[in-house]
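J.: I'd like to ask some things about the structure below.
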Ligand code: 5AD
Ligand code: SF4
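Below you can see the structure in the form of structure tokens.
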């Protein structure tokens with residue numbers, strides 16, 4: 019038996035891919051291990067979205083170089099978007115790398131490992147072979163838990179000027195709906211109660227079935243909702259331009275679709291949104307939020323923000339703060355703009371100093387954190403349906419989530435894992451709610 023250590027950086031799609039790679043290598047005799055020291059093969063599944071993410075990979079490769087001196091037979095593979103973007107340059111900078119595999123080529127890993135064993139050369143597989151990936155990857159088999167990721171769409175055609183995704187993940191491609199439903203059924207039979215449909219631009223999902231019928235994301239959600247064991251459905255990440263009427267209506271009609279949506283806006287300034295090629299204005303975004311709230315009044319929102327995009331003036335930044343105040347987000351991610359090689363914005367001249375980026379980030383984060391605390395505090399005293407996912411760190415503690423994705427800790431029996439219970443929320447510490455569950459009362463029906 020050989021030991022495999024997979025380290026995942028970046029997005030949930032990478033987490034899903036890492037699990038599929040482990041599934042793919044299981045027939046070759048690889049079993050998972052928790053440390054690189056004990057591994058025969060190490061895969062770094064990398065993220066290229068911001069410069070910091072890339073630096074982390076190179077410093078991990080530095081540590082692996084040391085480790086490999088004592089263990090020369092250890093195989094080091096770099097997967098994901100850094101492998102895709104850097105290609106052979108990566109092997110030059112970090113000769114410890116034996117295999118490079120881009121996000122569309124994971125299904126070639128067994129073959130690459132065999133070839134490597136034969137000739138010990140470096141293997142590069144990072145072109146986009148017309149998305150045959152999903153046809154060759156095994157369906158989800160590893161124990162993916164109560165809340166399971168399921169990739170339905172990959173790639174992006176939006177070309178936001180700051181973003182590497184259209185270059186590293188390639189053009190939009192949607193998986194066949196039948197395959198997705200079958201995978202959701204498998205996950206359900208293995209204990210999944212929540213399915214999170216994943217895609218770089220998930221609401222642009224357009225699958226066609228064997229009868230040539232087109233499915234949009236709303237139809238796919240309805241298909242997954244028809245699986246009796248699945249009680250909760252979420253999807254991420256969406257682009258405001260692709261929120262169609264069907265999908266908005268689904269938020270009011272599909273009970274299993276959870277009232278929480280990650281809908282990145284990036285900026286509140288129309289000048290910056292145009293420079294980012296977001297293809298919508300701040301007003302468009304606000305109207306969208308309004309329509310979603312009309313469909314589902316209790317819906318919560320999260321977003322991504324970039325501060326210090328080239329040319330961002332004080333007034334542009336103020337417009338972002340104004341948008342945040344108007345929407346009132348439940349939870350958000352915010353980043354300093356980081357120029358990515360090969361993207362149009364990286365060539366822009368009106369760069370913003372790091373000091374200004376830092377000040378703006380701190381200001382924005384203080385505002386967002388205040389809104390997050392407010393969202394959590396209004397939950398105190400309420401009774402919400404919590405899906406229990408796993409054991410907590412304290413003895414007897416269970417961790418679950420509310421419909422709004424807030425983590426909840428309660429003391430309760432292990433048998434509640436995989437079940438939805440009403441929980442009276444009593445306290446807030448850091449970002450977790452604490453409460454007491456109401457034994458025996460199922461809060462959401464587990465059947466359709
Ligand atoms: N610099 C900073 N943040 C970025 N993101 C994507 N590209 C960049 C970049 N070049 C952020 C966006 C996106 C999230 C996943 O990462 O906010 O929504
Ligand atoms: Fe990147 Fe998202 Fe824009 Fe696509 S829509 S280019 S993934 S930020």
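In our numbering, the protein residues as written are 19 to 466.
We put the beta carbon where it would ideally sit given N, CA and C, even for glycine.
The structure presented is a predicted model; accordingly, all values stated were derived computationally and were not measured.
When every heavy atom of the ligand 5AD is checked, does at least one fall within less than 6 Å of the C-beta of residue 356?
T.: Here residue 356 corresponds to residue number 338 of the chain shown, with the count starting at 1. Yes.
J.: Write down the C-beta distance between residue 279 and residue 324 rounded to the nearest angstrom, noting that I regard them as a contact closer than 8 Å.
T.: Along the chain shown, one-based indexing puts residue 279 at 261. Along the chain shown, one-based indexing puts residue 324 at 306. Incorrect: roughly 19 Å between the Cβ atoms, too far for contact.
J.: CB-CB under 8 Å to residue 240, same chain, minus the five flanking residues each way: which ones, in chain order?
T.: Here the question's residue 240 lines up with position 222 in the chain shown. Cβ within range, chain order: 268, 272.
J.: Considering only their Cβ atoms, is the gap separating residue 282 from residue 249 smaller than 7 Å?
T.: The residue labelled residue 249 in the question sits at position 231 within the chain shown. The residue labelled residue 282 in the question sits at position 264 within the chain shown. Cβ distance not < 7 Å, so residue 249 and residue 282 don't count as in contact.
J.: Is the distance from the Cβ of residue 441 to the Cβ of residue 427 below 7 Å?
T.: Against the chain shown, residue 441 aligns to sequence position 423. Against the chain shown, residue 427 aligns to sequence position 409. Going by C-beta atoms, residue 441 is not nearer than 7 Å to residue 427.
J.: So if I measure from each beta-carbon to every heavy atom of the ligand SF4 and keep distances below 6 Å, which residues remain?
T.: Residues flagged by the Cβ proximity filter: 174, 176, 177, 178, 181, 183, 184, 218, 219, 257.
J.: From the DSSP output, read off the bridge partner residues of residue 171.
T.: Start at 1 with the first residue of the chain shown, and residue 171 comes out as number 153. 192.
J.: Would you say the stretch 341-350 touches the stretch 166-173, given that touching needs at least three Cβ pairs under 8 Å?
T.: The stretch 341-350 vs the stretch 166-173: no contact.
J.: Got a sec, what are the start and stop residues for the alpha helix (DSSP H) residue 376 sits in?
T.: Your numbering for residue 376 matches position 358 in the chain shown. Looking at the DSSP string, the run of the alpha helix (DSSP H) that includes residue 376 is 372-395.
J.: Please report how far the alpha carbon of residue 291 lies from the alpha carbon of residue 182, in whole angstroms.
T.: On the chain shown, position 273 is the one that residue 291 refers to. On the chain shown, position 164 is the one that residue 182 refers to. Taking the straight line joining both Cα atoms gives about 17 Å.
J.: Is it the case that the stretch 181-201 contacts the stretch 350-365, given that we only count it when at least three CB pairs across the two stretches are under 8 Å?
T.: Yes, since at least three Cβ pairs between the stretch 350-365 and the stretch 181-201 fall closer than 8 Å, the two stretches touch.
J.: With DSSP run on the structure shown, which of helix, strand or coil describes residue 257?
T.: Numbered from its first residue, the chain shown carries residue 257 at position 239. Here residue 257 sits in coil by DSSP.
J.: Does the distance between the C-beta of residue 110 and the nearest non-hydrogen atom of the ligand 5AD fall short of 6 Å?
T.: If you number the chain shown from 1, residue 110 lands on position 92. No, the ligand 5AD has no heavy atom inside 6 Å of this Cβ.
J.: Nearest to residue 257 by CA position, among 59, 242, 50, 190, is which residue?
T.: The residue given as residue 257 occupies position 239 in the chain shown. Closest option to residue 257, Cα to Cα, is 190.
J.: Can you give me the C-alpha to C-alpha distance between residue 330 and residue 100, rounded to a whole angstrom?
T.: Position 312 of the chain shown, counted from the first residue, corresponds to residue 330. Position 82 of the chain shown, counted from the first residue, corresponds to residue 100. Roughly 28 Å separates the two Cα atoms.
J.: Look at the Cβ atom of residue 43, then the Cβ atom of residue 62, and state whether they are nearer than 7 Å.
T.: Taking the chain shown and counting its residues from 1, one reaches residue 43 at position 25. Taking the chain shown and counting its residues from 1, one reaches residue 62 at position 44. Contact: no.
J.: Could you tell me the alpha carbon to alpha carbon distance between residue 114 and residue 86, rounded to whole angstroms?
T.: Numbered from 1 along the chain shown, position 96 holds the residue referred to as residue 114. Numbered from 1 along the chain shown, position 68 holds the residue referred to as residue 86. Their backbone Cα atoms lie some 8 Å apart in a straight line.
J.: By how many angstroms is the C-alpha of residue 327 removed from the C-alpha of residue 412?
T.: Within the chain shown, numbered from 1, the residue matching residue 412 stands at position 394. Within the chain shown, numbered from 1, the residue matching residue 327 stands at position 309. When rounded, the distance between both Cα atoms is 42 Å.
J.: Between residue 26 and the rest of its own chain, which residues show a CB-CB distance below 7 Å, the 5 nearest in sequence each way excluded?
T.: Taking the first residue of the chain shown as position 1, residue 26 is located at position 8. Answer for residue 26: 32, 33, 36, 63, listed in chain order.
J.: Tell me the rounded alpha-carbon separation between residue 67 and residue 274.
T.: Residue numbering aside, residue 67 sits at position 49 when the chain shown is read from its first letter. Residue numbering aside, residue 274 sits at position 256 when the chain shown is read from its first letter. Approximately 32 Å between the Cα atoms of the pair.
J.: Here's the rule: buried if 16 or more other CB atoms are within 10 angstroms of the residue's CB, otherwise exposed. What is residue 433?
T.: Locating residue 433 in the chain shown gives position 415, where the first residue counts as 1. So residue 433 ends up on the exposed side.
J.: Using 7 Å as the threshold, is the C-beta distance between residue 221 and residue 263 below it?
T.: For the purposes of this step, residue 221 is taken as the residue at position 203 of the chain shown. For the purposes of this step, residue 263 is taken as the residue at position 245 of the chain shown. Against a cut-off of 7 Å, the Cβ pair of residue 263 and residue 221 comes out as no contact.
J.: Check whether the Cβ atoms of residue 195 and residue 265 sit closer than 7 Å, and answer yes or no.
T.: As a position in the chain shown, residue 195 is number 177, starting the count at 1. As a position in the chain shown, residue 265 is number 247, starting the count at 1. No, these two residues do not count as a Cβ contact at 7 Å.
J.: I'd like to know if the stretch 87-95 and the stretch 53-60 are in contact, where contact means that at least 3 CB-CB pairs between them fall below 8 Å.
T.: At 8 Å Cβ cutoff, the stretches touch.
J.: Residue 310 lies in the alpha helix (DSSP H); which residues open and close that run?
T.: Within the chain shown, numbered from 1, the residue matching residue 310 stands at position 292. That run of the alpha helix (DSSP H) goes 300-313.
J.: Excluding the five sequence neighbours on either side, which residues of its own chain have a C-beta within less than 8 Å of the C-beta of residue 40, listed in chain order?
T.: On the chain shown, position 22 is the one that residue 40 refers to. Excluding sequence neighbours, residue 40 sits near 22, 24, 48, 50, 160.
J.: From which residue to which residue does the alpha helix (DSSP H) around residue 270 run?
T.: Here residue 270 is taken as the residue at index 252 of the chain shown, counted from 1. 263-271 is the extent of the alpha helix (DSSP H) around residue 270.
J.: Using a Cβ distance threshold of 8 Å, determine whether the stretch 331-343 contacts the stretch 379-397, with at least three qualifying pairs required.
T.: Verdict: yes, contact present.
J.: May I ask which residues mark the beginning and end of the alpha helix (DSSP H) holding residue 32?
T.: Working through the chain shown from its first residue, we reach residue 32 at position 14. Its alpha helix (DSSP H) spans residues 30-43.
J.: Can you list, in chain order, the residues of its chain whose CB lies under 8 Å from that of residue 16, leaving out five sequence neighbours each side?
T.: Missing from the structure shown is residue 16; the chain here goes from 19 to 466 and no further.
J.: Do residue 296 and the ligand 5AD come close, with the Cβ less than 6 Å from some heavy atom?
T.: Along the chain shown, one-based indexing puts residue 296 at 278. Answer for residue 296: no, Cβ out of range of the ligand 5AD.
J.: Taking C-beta to C-beta, are residue 438 and residue 403 nearer than 7 Å?
T.: Residue mapping note: residue 438 aligns to position 420 of the chain shown, counting from 1. Residue mapping note: residue 403 aligns to position 385 of the chain shown, counting from 1. Yes, the pair counts as a contact, with Cβ atoms nearer than the cut-off.
J.: Mind checking whether the beta-carbon of residue 187 lies closer than 6 Å to any heavy atom of the ligand 5AD?
T.: For the purposes of this step, residue 187 is identified with residue 169 of the chain shown, where counting begins at 1. The answer is no for residue 187.
J.: What do you reckon, are the CB atoms on residue 270 and residue 224 nearer than 7 Å?
T.: The sequence position of residue 270 within the chain shown is 252, counting from 1. The sequence position of residue 224 within the chain shown is 206, counting from 1. Result no, Cβ atoms of residue 270 and residue 224 do not sit closer than 7 Å.
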